[in-house]
Amino acid sequence: PYVDPEAGAAVKAADRAHVFHSWSAQGLIDPLAVAGAEGAYFWDYDGNRYLDFTSGLVFTNIGYQHPVVVAAIQEQAGKLATFAPAFAIEARSEAARLIAARTPGDLDKIFFTNGGAEAVENAVRMARVHTGRTKVLSAYRSYHGATSTAINLTGDPRRWASDTGSAGVVRFWAPFLYRSPFYATTEAEECARALQHLEDTLAFEGPSTVAAVVLETIPGTAGIMPPPPGYLAGVREICDRYGIVFVLDEVMAGFGRTGAWFAADHDGVVPDLMTFAKGVNSGYVPLGGVAINAEIAATFETRPYPGGLTYSGHPLACAAAVATLGVMEDEKTVENAAHLGEHVLGPGLRELAGRHPSVGEVRGLGAFWALELVRDRETREPLVPYNATGEANAPMAAFGAACRKNGLWPFINMNRTHVVPACTLTEAEAKEGLAVLDEALFVADEHTVE
Ligand code: PLP
């Protein structure tokens, strides 16, 4: 193990003095000083190594420090480290070609951004200009990013502080059978009622005022809820009927995470616009984008697109994407994620649910899983209340600490832990992580009524 506590202390001291962290009360956080990372693991300066079940923020789909991608970035830096977006650049052209070859249907034009929020901002801008309408519909259980429009589209409480009520966003309930907003008891019922609810929302909002419906194909941070069969096809049909642009946000679910190139592939649904980021190059250099269908692309053939970014299609980021997509083909990363889901993580997590009364539901696919932790499996009362902090959140904090103590870095959001490791995870690594989760769940079990 790597040990250099003095170096770690210096890194930590400068961080605490000068780095202003996301989403945090700056005086109340204690960020771990990280010395290095490789594959599915990272380590600190004190000799502790962690199996990363978070993939950072669910973006290192090929794991850390993949030598092929690192070399490609180095090579691109030596050749052409940067260049303005208005020119045709080899790495950018090639990245766009490779992405368009994988996106479904006629989503063949790529607008590059630096990340997911900018992708969502630009998808909404495209939809508004294309339709001449302003309103946008999104789901309550969602996360779309932290810039102005993206945070307003977001349903989770991170929106509240930025919600001016003026972004032209209307939120609705997407399906989620375990906590059904529609009192449904079957997937088919949930699907039908969720579609009717969207129809009703549109009827009262006025369909002719709505530019776009924006949905995560599988909501990620909000709880990894694969939609019931037929839901996405139903939304597609509703959007077609009213001339509304259908935007699928695949920032988290895309590029192998679900055991397919895109989560939409599982349903065979083709949106009008698809946003991506994260897994496109495993986050080695910031990159995101919007894949655009033929009809919307045609709108901007002779009319200028009113949007742009200094670093749109940055050569280093694009070179990293080209290399990442190559690695994913060569190493069958997407197939590995599918195998993990079907044969290792899925069965392993369901086994944990059988043993631990704190596990209310296991759901997901590929390398994209959520455990819903509850106080009471009968009533489904969450282990901690919605958006709990401090003492009220203590059971989840204790669960997290138990994972870290045994060398697993868990993803925790409210009353859930998400199992979102690298899509390149081996079976042995998966089993190592499952064993730590098993131990830590006994801590959660202490807070149940059973
Ligand atoms: N959309 C989804 C579905 C996400 O999960 C995220 C980030 O987690 C975003 C958009 C925002 O991406 P970024 O943080 O790169 O702006």
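The sequence shown maps to residues 12 to 461 in the UniProt record's numbering. Glycine residues also receive a C-beta, built at the ideal position from the N, C-alpha and C atoms.
DSSP places Ser173 within a helical segment (H, G or I) once states are collapsed to three. Look at Leu68: its beta carbon is less than 8 Å from one of the heavy atoms in the ligand PLP. When the beta-carbon positions are compared, Gly300 and Ile110 come within less than 9 Å of each other. DSSP, read as helix, strand or coil, puts Ser323 in coil.
Gln37 and Ala244 have their C-alpha atoms roughly 44 Å apart.
At a Cβ-Cβ threshold of 9 Å, Phe183 and Ser219 do not count as neighbours. Every residue whose Cβ sits closer than 6 Å to any heavy atom of the ligand PLP is listed here in chain order: Leu68, Gly126, Gly127, Ala128, Val131, Tyr154, His155, Gly156, Glu227, Gly231, Thr232, Asp260, Val262, Met263, Ala288 and Gly299. Taking C-alpha positions only, Thr313 is separated from Ile307 by approximately 12 Å. In the DSSP assignment, Val225 forms a beta bridge with Ser149 and Val258.
In the same chain as Pro396, and ignoring 5 residues on each side of it, the C-beta atoms closer than 7 Å to its own belong to Ala403, in chain order. Considering only Pro358, Ala25, Gly67 and Arg27, the residue with the shortest C-alpha distance to Pro432 is Gly67. Cβ neighbours of Glu129 within its own chain (closer than 7 Å, five residues either side excluded): Thr158, Gly299 and Leu320. Judged by their CB atoms, His458 and Arg386 are nearer to each other than the 9 Å cut-off.
Between Thr435 and Ala48, the CB-CB gap reaches or exceeds 9 Å. Rounded to whole angstroms, Phe193 and Leu43 show a C-alpha spacing of 42 Å. Judged by DSSP in its simplified three-state form, Thr437 adopts coil rather than helix or strand. No Cβ-Cβ contact shorter than 9 Å links Gly89 with Thr286. If you look at Phe53, you'll find it in the beta strand (DSSP E) that goes Tyr52 to Asp55. The straight-line gap separating the alpha-carbon atoms of Val45 and Asp57 is approximately 9 Å. For Thr124, the uninterrupted beta strand (DSSP E) run begins and ends at Lys120 to Thr124, by DSSP. By a beta-carbon distance limit of 8 Å, Phe187 contacts Arg152. Their separation comes to about 6 Å. Unbroken beta strand (DSSP E) stretches of 3 residues or longer found wholly inside the region 405-449: 422-424 and 427-430, given in chain order. Taking a C-beta distance under 9 Å as the contact criterion, Ala223 and Val262 do not qualify as a contact pair. Taking a C-beta distance under 9 Å as the contact criterion, Val454 and Ala399 do not qualify as a contact pair. It is roughly 11 Å from the alpha-carbon of His429 to the alpha-carbon of Met236.
Secondary-structure assignment with DSSP links Phe98 through no beta bridge to anything. Taking 4 residues as the minimum length, the alpha helix (DSSP H) runs contained wholly in the region 349-401 are 357-366, in order along the chain.
Counting of Cβ neighbours within 10 angstroms places Lys146 among the buried residues, the total reaching 16 or more. Following the DSSP letters along the chain, one finds Arg144 in no alpha helix (DSSP H), marked with neither H nor E. Ranked by Cα distance from Gly267, the first of Tyr242, Phe215 and Glu346 is Glu346.
Counting only runs of at least 4 residues, the region 14-101 fully encloses the following alpha helix (DSSP H) elements, listed from N- to C-terminal order: 16-29, 66-69 and 78-91.
Ala302 is not a Cβ neighbour of Lys416, given a cutoff of 9 Å.
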